[in-house]
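J.:
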Amino acid sequence: MLTAITRQVSPALTKCELTFVERRPIDLEKARAQHRGYEELLEELGARVISLPAEPELPDSMFVEDPALVLDELAVIFPLGTESRRPEAVSLAAALAKYRKLEYVKSPGSMEGGDLLRVGRRIFAGLSSRTNEEGVRQLAALLGPYGYEVSGVAVTGCLHLKSAVTLLGGKTLLANRGWFESGIFSGFAWVDVDPGEAHAGNALAIGGKVIFPASFPRTRARIEAAGFSVAPLDIGELQKAESGLTCSSLIFEAGGN
Ligand code: GLY
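With numbering that gives the first Met the number 0, the residue at position 124 of the sequence shown is 123, and numbering never jumps.
1. Closer than 9 Å, CB to CB, is Leu1 near chain B or not?
2. Quick check on Ala53: does DSSP put it in helix, strand or coil?
3. Can you look up Tyr103 in the DSSP assignment and give me helix, strand or coil?
4. I'd like to know whether the C-beta atoms of Gly151 and Gly112 end up nearer to each other than 9 Å.
5. Got a sec? Which residues, its chain only, sit under 6 Å from Cys15 by beta carbon, not counting five neighbours each side?
6. For Arg121, does the three-state DSSP call read helix, strand or coil?
7. Does DSSP classify Ser60 as helix, strand or coil?
8. Regarding Ala93 and the ligand GLY, is the C-beta to nearest heavy atom distance less than 8 Å?
9. Quick check: is any heavy atom of the ligand GLY less than 8 Å from the C-beta of Ser214?
10. Rounded to whole angstroms, what's the CA-CA distance from Pro144 to Val104? Just pull it up for me.
11. Please list, following the chain, all residues that have a C-beta closer than 5 Å to any non-hydrogen atom of the ligand GLY.
12. For Asp65, list the residues DSSP reports as bridge partners.
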């Protein structure tokens with residue numbers, strides 16, 4: 000069963016980490032409503048949503064993609080790249096232990112799931128302010144025995160690798176190629192973001208659709224022109240917390256428990 004783990008919005012969201020966007024007031028009720036809309040859309044597109052309770056002390060904890068990577072064979076838990084976010088891994092690991100064997104990347108490695116773009120057995124790992132070479136080395140050592148190849152990719156200009164590039168389907172990537180070392184992605188087709196929509200590289204492909212922020216209409220037209228069906232979603236309030244679409248869920252196949 001396609002399963003999506005999410006987490007309810009923390010009442011502390013207004014104190015979230017921000018790296019590449021300026022702080023603006025966040026309307027918590029609006030943020031919660033937009034996150035509910037995201038969960039409902041995931042359900043419509045075929046996922047069973049497991050919405051974990053909010054973590055009142057952890058502002059960024061709704062971004063469940065960052066503390067872990069879930070593969071068919073195992074889940075890997077990370078030391079997040081910023082001190083305030085490190086405790087998020089504890090309750091997420093407990094939730095994932097029901098579904099997968101757990102392995103750990105350990106300090107001095109640092110890693111966030113937003114930096115991991117998986118295409119089949121290849122994992123592109125952004126080297127960003129949150130993910131370091133040692134984290135990538137440890138992940139490669141953990142996943143090598145399962146047949147995964149992990150490659151580091153330099154990221155500049157945005158928070159995570161997937162802030163700049165995500166998979167639309169098949170071998171087609173949506174990207175702002177100015178923000179990462181794109182040369183490593185040989186054999187892929189590209190849909191480039193509209194030049195006026197620099198932050199439009201993060202989309203979530205699920206259930207035959209591409210969930211995409213309503214705030215980027217010109218890039219949406221490019222995605223549709225490439226043959227993909229878009230489900231637009233307003234996440235304007237969450238974008239103030241430097242959110243994309245992939246970061247608010249962990250999606251994997253699981254049994255019925
Ligand atoms: N606010 C998302 C992050 O900085 O991790």
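Idealized CB from N, CA, C, for every residue including glycine. Keep in mind the model is a prediction, meaning the values are calculated, not measured.
T.: Let me spell this out:
1. Here chain B cannot be found, since the structure has a single protein chain.
2. coil
3. Tyr103: strand per DSSP, three-state reduction.
4. Cβ distance not < 9 Å, so Gly151 and Gly112 don't count as in contact.
5. Pro58, Asp59 and Ala240
6. In the three-state scheme derived from DSSP, where H, G and I count as helix and E and B as strand, Arg121 is classed as strand.
7. coil
8. Answer for Ala93: no, Cβ out of range of the ligand GLY.
9. Answer for Ser214: no, Cβ out of range of the ligand GLY.
10. 15 Å
11. Listed along the chain, these residues meet the criterion: Cys15, Glu16, Asp59, Ala240 and Glu241.
12. Its beta-bridge partners do not exist; DSSP assigns none.
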